[in-house]
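> Got a structure for you, written out below as structure tokens; questions coming shortly.
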Amino acid sequence: MASVRSSEESGERMLLRPQQPYSYEETIRRLVSFEKTAYRSEGGKLYRTLRLSKRPVVVELEWEEEKSALAATVDTELDDRERMDLERILRRMFSLDVNLAPFYESIKMEPRLAQVVEERKGLHFVLDPTLYECLIKTIIGQQLNMAFAAKLVDRLIHLAGERLERAGEVLAVFPTPEQVARLRYEDLQALQFNRRKAEYVIDLSRRIAEGKLNLDELHRLEDQEVVGRLLPLRGIGRWTAECLLLFGMGRPNLLPAADIGLRNAVRRVYELDAQPTEKEVRQMGEAWSPWRSYATFYLWDTLSGQ
DNA sequence: TACCAGGATATGG
DNA sequence: CCATATCATGGT
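In the UniProt record's numbering, the protein residues as written are 1 to 306.
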């Protein structure tokens, strides 16, 4: 994909064309309502810090309507490797290469879900840039309402990550495992983490920092193998492992059937008298294969906002 | 006030 | 093996 160097500033800008159908508006709407921390939204532009191979940068994102492309701008000059890095990261994060046409075609058989999908045409997953970030954010989000969970994530980032300045504003970078490994449990308790959650987050980070756990190895495993590999770790249950497969890895056919949010959404969309059981959700979800992740994602989206 | 949040674990039966 | 309490806070 072409990247253009601006002559006026020292930064540069690249254009990334997504697989259609793609709705930047829908995708960002969900992101902004759900992720109060990692992204900063201002005047139609979105800011997010990302780690390239050697250094963190602030990336400014906006939709370029005439070219139907995502425009990414950084205020620093990138070398070839960083440029390729950034493009790869963004294409993956914003699911730019995921073709939803087959999903939309197959979902026509499910009228109620088809309605939900129709209202959100082009909505794509936004993945976390790293499996580590995804795992930590998911653990923090366990059991908590999303607003509070976002607050805790924000506090962790500002405590442990570097700070970058962009247009007079300070943005924190999601910390590395090494940075979190250096914290004490009490540091996170002071941020209103409960003791156990402070242990989950720090112990996991230490394990990774010490080289005893390599999350990137998970990429080559099947879904169920990934779950099996993660379950023995303290603080990671099935739900958390599945969230990693969804929001860290973008696996297409996951169904977190026990998830309380999904069950509430299914109840509403299918107008059931009672909250369906995990088993019932699993049975209904058979019909959504091999797009169960996206079906889940669209159902989750019915919960936020409205 | 009570109860639930896009859970996981420790403990007791 | 199953049931229940616990967590730390915000929203309803």
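The beta-carbon is built from N, C-alpha and C at its ideal position, and this holds for glycine as well.
1) Consult DSSP for M249 and reduce its assignment to one of helix, strand or coil.
2) Given a threshold of 16 other Cβ atoms within 10 Å of its Cβ, counted over all protein chains shown, does E133 qualify as buried or as exposed?
3) For the alpha helix (DSSP H) that E25 lies in, which residues bound it at each end?
4) Taking the alpha-carbon of A150 as reference, which of K279, E35, R13, R282 has the nearest alpha-carbon?
5) So, is M109 buried or exposed, given that buried needs 16 or more other C-beta atoms within 10 angstroms?
6) Shortest alpha-carbon distance to G211 belongs to which of R196, A181, R263?
7) Tell whether a beta-carbon distance below 8 Å holds between T138 and L244.
8) So which of V32, L262, L221, A209 has the shortest CA-CA distance to E280?
9) Which residue marks the beginning of the alpha helix (DSSP H) containing Y200, and which one marks its end?
10) Under the three-state reduction of DSSP, which class applies to R163: helix, strand or coil?
11) Can you name the residues that DSSP bridges to P56?
12) Let me check understanding here. Comparing Cα to Cα, which of E199, L123, S68 lies closest to P18?
13) Between V98, R51, P276, which lies nearest to L171 when the distance is taken from Cα to Cα?
14) Where do the ends of the alpha helix (DSSP H) carrying L40 lie?
15) Assuming D301 contacts L31 under a Cβ cut-off of 8 Å, what Cβ separation, rounded to an integer in Å, is found between them?
16) According to DSSP, is R13 part of a helix, a strand, or is it coil?
17) Given this structure, state the Cα-to-Cα distance separating E217 from Q179, to the nearest angstrom.
18) Note down the Cα distance separating T65 from G11, rounded to an integer number of angstroms.
19) What's the gap between the Cα of V59 and the Cα of A274?
20) CB-CB under 6 Å to H158, same chain, minus the five flanking residues each way: which ones, in chain order?
In short, the structure shows the following:
1) Here residue 249 refers to the residue found at position 249 when the first sequence is read from its first residue. Looking at M249 - three-state DSSP - the assignment turns out to be coil, as it is neither helix nor strand.
2) The residue labelled residue 133 in the question sits at position 133 within the first sequence. Per the 10 Å Cβ criterion, buried.
3) Indexing the first sequence from 1 puts residue 25 at position 25. E25 -> alpha helix (DSSP H) spans 24 to 34.
4) Here residue 150 refers to the residue found at position 150 of the first sequence. Measuring from the Cα of A150, the nearest candidate turns out to be E35.
5) Position 109 of the first sequence holds residue 109. By the 10 Å Cβ count, M109 comes out exposed.
6) Start at 1 with the first residue of the first sequence, and residue 211 comes out as number 211. Ranking the options by Cα distance to G211, first place goes to A181.
7) As a working mapping, residue 138 is identified with position 138 in the first sequence. As a working mapping, residue 244 is identified with position 244 in the first sequence. Going by C-beta atoms, T138 is nearer than 8 Å to L244.
8) Numbered from its first residue, the first sequence carries residue 280 at position 280. If we check each option's Cα against that of E280, L262 comes out closest.
9) The residue labelled residue 200 in the question sits at position 200 within the first sequence. 195 to 209 is the span of the alpha helix (DSSP H), which, as asked, contains Y200.
10) Within the first sequence, numbered from 1, the residue matching residue 163 stands at position 163. R163: strand per DSSP, three-state reduction.
11) The residue labelled residue 56 in the question sits at position 56 within the first sequence. Note: P56 sits in a beta bridge opposite R51.
12) By 1-based counting over the first sequence, the position of residue 18 is 18. Closest by alpha carbon: S68.
13) Position 171 of the first sequence, counting from 1, holds the residue named residue 171. Checked all of V98, R51, P276; the closest Cα to L171 is R51.
14) Counting from one through the first sequence, the residue named residue 40 turns up at place 40. One detail in the question is off: residue 40 reads as Arg in this sequence, not Leu. Looking at the DSSP string, R40 is not in any alpha helix (DSSP H); the run it does join, the beta strand (DSSP E), is 39 to 42.
15) Working through the first sequence from its first residue, we reach residue 301 at position 301. Working through the first sequence from its first residue, we reach residue 31 at position 31. That pair is no contact at about 11 Å.
16) In the first sequence, counting from the first residue as 1, residue 13 sits at position 13. Reduced to three states, the DSSP call for R13 is strand.
17) For this step, residue 217 is matched to residue 217 along the first sequence. For this step, residue 179 is matched to residue 179 along the first sequence. The straight-line gap from Cα to Cα measures roughly 21 Å.
18) Looking up residue 65 in the first sequence gives position 65. Looking up residue 11 in the first sequence gives position 11. The identity of residue 65 in the sequence shown is Glu, whereas the question assumes Thr. Rounded to the nearest angstrom, the two C-alpha atoms are 21 Å apart.
19) On the first sequence, residue 59 is found 59 positions in, with the first residue counted as 1. On the first sequence, residue 274 is found 274 positions in, with the first residue counted as 1. Roughly 44 Å separates the two Cα atoms.
20) Position 158 of the first sequence holds residue 158. Cβ neighbours of H158 beyond the five flanking positions: A172.
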